[in-house]
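Participant: Here it is, the structure, as structure tokens.
2 protein chains.
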Amino acid sequence: MAVYTEVSDEDLTAFLTAYDLGEVTAFKGIAEGVENSNYLLQTTGGSFILTLYEKRVAPEDLPYFLGLMEHLAAQGINCPTPVPARDGRTLRSLCGRPAALISFLEGLWPKRIQPYHCRELGAALAGLHLAGADFPGHRTNSLSLPGWRPLLEKCRDRAHEVQAGLAEDLEQELAALEADWPVGLPEGVIHADLFPDNVFFLGEKLTGLIDFYFACNDFFAYDLAVCLNAWCFEPDTAFNATKARFMLQAYRRVRPFSEAELAALPLLARGSALRFLLTRLYDWLNHPEGALVAPKDPLEYWRKLRFHRAVHGPGAYGLD
Amino acid sequence: MAVYTEVSDEDLTAFLTAYDLGEVTAFKGIAEGVENSNYLLQTTGGSFILTLYEKRVAPEDLPYFLGLMEHLAAQGINCPTPVPARDGRTLRSLCGRPAALISFLEGLWPKRIQPYHCRELGAALAGLHLAGADFPGHRTNSLSLPGWRPLLEKCRDRAHEVQAGLAEDLEQELAALEADWPVGLPEGVIHADLFPDNVFFLGEKLTGLIDFYFACNDFFAYDLAVCLNAWCFEPDTAFNATKARFMLQAYRRVRPFSEAELAALPLLARGSALRFLLTRLYDWLNHPEGALVAPKDPLEYWRKLRFHRAVHGPGAYGLD
Numbered sequence: 068m069a070v071y072t073e074v075s076d077e078d079l080t081a082f083l084t085a086y087d088l089g090e091v092t093a094f095k096g097i098a099e100g101v102e103n104s105n106y107l108l109q110t111t112g113g114s115f116i117l118t119l120y121e122k123r124v125a126p127e128d129l130p131y132f133l134g135l136m137e138h139l140a141a142q143g144i145n146c147p148t149p150v151p152a153r154d155g156r157t158l159r160s161l162c163g164r165p166a167a168l169i170s171f172l173e174g175l176w177p178k179r180i181q182p183y184h185c186r187e188l189g190a191a192l193a194g195l196h197l198a199g200a201d202f203p204g205h206r207t208n209s210l211s212l213p214g215w216r217p218l219l220e221k222c223r224d225r226a227h228e229v230q231a232g233l234a235e236d237l238e239q240e241l242a243a244l245e246a247d248w249p250v251g252l253p254e255g256v257i258h259a260d261l262f263p264d265n266v267f268f269l270g271e272k273l274t275g276l277i278d279f280y281f282a283c284n285d286f287f288a289y290d291l292a293v294c295l296n297a298w299c300f301e302p303d304t305a306f307n308a309t310k311a312r313f314m315l316q317a318y319r320r321v322r323p324f325s326e327a328e329l330a331a332l333p334l335l336a337r338g339s340a341l342r343f344l345l346t347r348l349y350d351w352l353n354h355p356e357g358a359l360v361a362p363k364d365p366l367e368y369w370r371k372l373r374f375h376r377a378v379h380g381p382g383a384y385g386l387d
Numbered sequence: 068m069a070v071y072t073e074v075s076d077e078d079l080t081a082f083l084t085a086y087d088l089g090e091v092t093a094f095k096g097i098a099e100g101v102e103n104s105n106y107l108l109q110t111t112g113g114s115f116i117l118t119l120y121e122k123r124v125a126p127e128d129l130p131y132f133l134g135l136m137e138h139l140a141a142q143g144i145n146c147p148t149p150v151p152a153r154d155g156r157t158l159r160s161l162c163g164r165p166a167a168l169i170s171f172l173e174g175l176w177p178k179r180i181q182p183y184h185c186r187e188l189g190a191a192l193a194g195l196h197l198a199g200a201d202f203p204g205h206r207t208n209s210l211s212l213p214g215w216r217p218l219l220e221k222c223r224d225r226a227h228e229v230q231a232g233l234a235e236d237l238e239q240e241l242a243a244l245e246a247d248w249p250v251g252l253p254e255g256v257i258h259a260d261l262f263p264d265n266v267f268f269l270g271e272k273l274t275g276l277i278d279f280y281f282a283c284n285d286f287f288a289y290d291l292a293v294c295l296n297a298w299c300f301e302p303d304t305a306f307n308a309t310k311a312r313f314m315l316q317a318y319r320r321v322r323p324f325s326e327a328e329l330a331a332l333p334l335l336a337r338g339s340a341l342r343f344l345l346t347r348l349y350d351w352l353n354h355p356e357g358a359l360v361a362p363k364d365p366l367e368y369w370r371k372l373r374f375h376r377a378v379h380g381p382g383a384y385g386l387d
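Here the protein sequences line up with chains A and B, keeping their order.
Counting with my numbering, you get residues 68 to 387 for the letters of the first sequence.
Counting with my numbering, you get residues 68 to 387 for the letters of the second sequence.
Structure below.
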């Protein structure tokens, strides 16, 4: 749930003078996304999302994110497209924040995941990986392996407030990942945060991928690992191998993955679980009293991590 | 900011089978309103607001609210119109809550009030009062004079946490209002909560009134008093007599008010200020830790109350 910055009529009007969008007919804050302020803007020229980038997005990364969305849209990927103003620029300023107007995508994000969602997702993720191949930008994944130890350090002294022994367990896990993290896997542009609320569907058809504000350059298979964690566990944290098989098989039909990628999946899935565990743990321990956004349960990802630690190979993910 | 109830795909689909609206193309939580959960629903048949009524709305009042909106819309008032399902019913159930689908109104609510907003508002309020004349429903204003003492009792012991001496001051004020509250003024259906975020504009033209969930039967002039408080003070709580004059003059051109109504305005404005002061004070003292909605400052309304106590007649509101 978002909308942190209130945009006055005068500010909106002044902002829109840079564009040719016709007259404004509606402007409503959207209760989705936790990083930025998002408004639905309707004009006589169409529907748009107006995003104000709040403090968790580094302004210097915005040209990468916006450029990537433009690139992917030009390649036929269904994703929000930044709308250029008359001067051709997409990255602008509003209420003292970086801001951009992006196209409105139809569709609903799935609240209850079905196997067909995972099949569509797998194919779309592979398409995204292929479409990003010739994108010239580069952004290091700040939340990959080298980023996890500093996060753990910040949480270590208070991790026991969430669960006894958690700091020690995560220390061991991180040491194991640091020792065995793969090298040389195929890499390129990944989404890195493709949770269900970032994927729209109409009926059984995937209509769009949104929220590219964690996108970066990293192993393609790491993106798959993020999706395994985000899409293939039931609400009680039971792993659903059918959903995983649907996702991986659909992915490999579009972009065949190598034996090395497949073999690395359990370790990458542990890493991805640790990544979300650590950021959630940090937010849990540091969210301000009365914060608008309720912190998410870090232990959900500890249970997922435990699952991946216990698997004996990629067969656990439903592949033959 | 709202959206308390998350609606799953299955629940939405099941809900919509009762209607003939075509296929769903978008469904987004709206970060507006603090009483209910509101979603923007777009279908191949149009745009709608789906409202789930949360616990602050009494279910037994919903037929009054929905019936009133239907009545007013039929009279040509620009307000949300409940959309009947195929069986003709507008009040339904979703996720264990009462729910209704209402028409989507174009427009933006004004964040920075200009005199022309007040002029449009005055005319629209008078039109609303006239259009409600033959509405057969009746709902007592539970937040008028008889409702204030119980609220004050609930806050008395802790009011000093907000301001020293506040309980004693409010006790004196309430006693004065109880002694002098007018009787016999023209009455009918009033909105009772017509704050700027409940009034939409396109440019300088008022396009709609929304949120009828405090509507009730009471003095028309009390509705004007609510609007004086909500629209005619600057952010620093200075009273803007120009805005008040615009509002009252535009109102009286549509529905001339009597000398008695005019003379009662200062007292009604004190009453209206006390009403919002008390509900804000109660929310301030009782909001749960970490609540999604930040409580509003009760002292804003104490300053408005003080202003109205000091005026010597309706001339203070810009009338000749």
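Think of the CB as a built atom: it goes at the ideal place given N, C-alpha and C, for glycine as much as any other residue.
A:LYS221 lies in the alpha helix (DSSP H); which residues open and close that run?
Facilitator: Element bounds for A:LYS221: 212-222.
Participant: Give the C-beta separation of A:ALA292 and A:LEU332 to the nearest angstrom, bearing in mind that I take them to be a contact with Cβ-Cβ under 8 Å.
Facilitator: Indeed they touch by this definition, with Cβ atoms about 6 Å apart.
Participant: Excluding the 5 residues flanking A:ARG342 on each side, which residues of the same chain have their C-beta closer than 7 Å to its C-beta?
Facilitator: These residues qualify, in order along the chain: LEU210, TRP215.
Participant: Within 8 Å of any Cβ in chain B, is that where the Cβ of A:ARG225 sits?
Facilitator: Judged by the 8 Å Cβ criterion, A:ARG225 is not in contact with chain B.
Participant: Give me the residue from B:TYR318, B:ALA327, B:ASP87 with the minimum Cα distance to B:ARG156.
Facilitator: Among B:TYR318, B:ALA327, B:ASP87, the Cα nearest to that of B:ARG156 belongs to B:ASP87.
Participant: For A:LYS272 and chain B, any beta-carbon pair shorter than 8 Å?
Facilitator: Judged by the 8 Å Cβ criterion, A:LYS272 is not in contact with chain B.
Participant: Just checking my contact of A:GLN142 with A:ALA198 at CB under 8 Å: how many whole Å lie between their CB atoms?
Facilitator: Right, the Cβ-Cβ distance comes to about 4 Å (below 8 Å), so this counts as a contact.
Participant: Output the distance between the C-alpha atoms of A:GLY89 and A:LEU107, rounded to the nearest integer angstrom.
Facilitator: For A:GLY89 and A:LEU107, the distance between alpha carbons rounds to 15 Å.
Participant: Identify which residue in A:ASP247, A:CYS146, A:ARG347, A:ASP364 has its Cα closest to the Cα of A:GLU258.
Facilitator: Before going further, note that residue 258 of chain A is His rather than Glu in the sequence given. Checking every option, the nearest Cα to that of A:HIS258 belongs to A:CYS146.
Participant: Using CA coordinates, which residue listed in B:GLU254, B:ASP278, B:GLU271 is at the minimum distance from B:ASN265?
Facilitator: With distances taken between Cα atoms, B:ASN265 lies closest to B:ASP278.
Participant: What does a CB cutoff of less than 7 Å around A:TYR50 pick up in its chain, not counting 5 residues either side in sequence?
Facilitator: Residue 50 of chain A cannot be examined here, being either before or after the span of chain A that is shown, 68 to 387.
Participant: For B:THR92, which residues in chain A fall below 8 Å Cβ to Cβ?
Facilitator: What B:THR92 touches in chain A: GLU173, GLY174, LEU269.
Participant: Any heavy atom of the ligand FMN within a distance shorter than 7 Å of the CB on B:PRO263?
Facilitator: This structure lacks the ligand FMN, and indeed carries no ligand of any kind.
Participant: Taking C-beta to C-beta, are B:VAL256 and B:ASN284 nearer than 8 Å?
Facilitator: It is a contact, given that the beta carbons lie within the stated cut-off.
Participant: From the DSSP output, in three-state form, read off B:ASP285 for me.
Facilitator: In the structure shown, B:ASP285 sits in a strand (DSSP, three-state: E or B).
Participant: Return the CA-CA distance between A:MET68 and A:PRO365, expressed in angstroms with no decimal places.
Facilitator: Low local confidence applies: a pLDDT of 41 at A:MET68 is under 50, so the model's placement there is unreliable, and no value is given.
Participant: If you draw a straight line from the C-alpha of A:ALA125 to the C-alpha of A:THR118, how long is it?
Facilitator: Spanning the two alpha carbons is a distance of roughly 14 Å.
Participant: Tell me, please, whether the CB atom of B:LYS178 is closer than 8 Å to any CB atom in chain A?
Facilitator: Chain A, which has a Cβ nearer than 8 Å to the Cβ of B:LYS178, makes this yes.
Participant: According to DSSP, is A:VAL229 helix, strand or coil?
Facilitator: The answer is coil: DSSP assigns A:VAL229 none of H, G, I, E or B.
Participant: Looking only at its chain, what residues have a beta carbon closer than 7 Å to the beta carbon of A:GLY204, apart from the 5 residues adjacent to it on each side?
Facilitator: Taken in chain order, the residues that qualify are TYR131, GLY134, LEU135.
Participant: Does any C-beta atom of chain B lie closer than 8 Å to the C-beta of A:ASP76?
Facilitator: So, interface residue.
Participant: Can you give me, in chain order, the residues of the stretch 96-107 of chain B that have a beta carbon less than 8 Å from any beta carbon in chain A?
Facilitator: Against chain A - using a Cβ distance shorter than 8 Å - the residues of the stretch 96-107 of chain B are GLY96, ILE97, ALA98, GLU99, LEU107.
Participant: How big is the Cα-Cα spacing for A:LEU218 and A:ASP224?
Facilitator: Their backbone Cα atoms lie some 12 Å apart in a straight line.
Participant: Within the continuous alpha helix (DSSP H) that includes B:ALA340, where are the two ends?
Facilitator: Per DSSP, B:ALA340 belongs to the alpha helix (DSSP H) from 326-353.
Participant: Is the stretch 151-169 of chain B close to the stretch 228-236 of chain B, with three or more CB pairs under 8 Å?
Facilitator: Taking 8 Å as the limit for Cβ pairs, the verdict is that the stretch 228-236 of chain B does not touch the stretch 151-169 of chain B.
Participant: For a test of the three-state rule: what should DSSP assign to B:TYR384, helix, strand or coil?
Facilitator: If DSSP states are grouped into helix, strand and coil, B:TYR384 belongs with the helices.
Participant: Under 8 Å, Cβ to Cβ, is there at least one residue of chain A near B:GLU73?
Facilitator: Cβ-Cβ to chain A under 8 Å: yes for B:GLU73.
Participant: With H, G and I counted as helix, E and B as strand and the rest as coil, what does DSSP make of B:TYR120?
Facilitator: Coil, per DSSP.
Participant: Which one of B:LEU172, B:GLU121, B:TRP369 has the shortest CA to CA distance from A:LYS95?
Facilitator: Selected option, being the one with the closest Cα: B:LEU172.
Participant: Do you know offhand how far B:PHE202's Cα is from B:PRO323's?
Facilitator: Rounded to whole angstroms, B:PHE202 to B:PRO323 spans 20 Å at the Cα level.
Participant: Since I believe A:LYS371 is in contact with A:ALA327 (beta carbons under 8 Å), could you give me their beta-carbon distance rounded to a whole number of angstroms?
Facilitator: Not quite, the Cβ-Cβ distance comes to about 23 Å (not below 8 Å), so this is no contact.
Participant: Along the chain, where does the alpha helix (DSSP H) that runs through B:ALA317 open and close?
Facilitator: Taken as a continuous stretch (DSSP letters only), the alpha helix (DSSP H) holding B:ALA317 covers 308-321.
Participant: Does any residue of chain B have a CB that is nearer than 8 Å to the CB of A:PHE82?
Facilitator: So, not an interface residue.
Participant: Kindly indicate which residue of A:ASN296, A:LEU386, A:ASN353, A:GLN316 has the alpha-carbon position closest to the one of A:ARG373.
Facilitator: Of the candidates A:ASN296, A:LEU386, A:ASN353, A:GLN316, the one whose C-alpha sits nearest the C-alpha of A:ARG373 is A:ASN296.
Participant: To which residues does DSSP link B:GLN109 through a beta bridge?
Facilitator: Its beta-bridge partners are B:ALA93, B:SER114.
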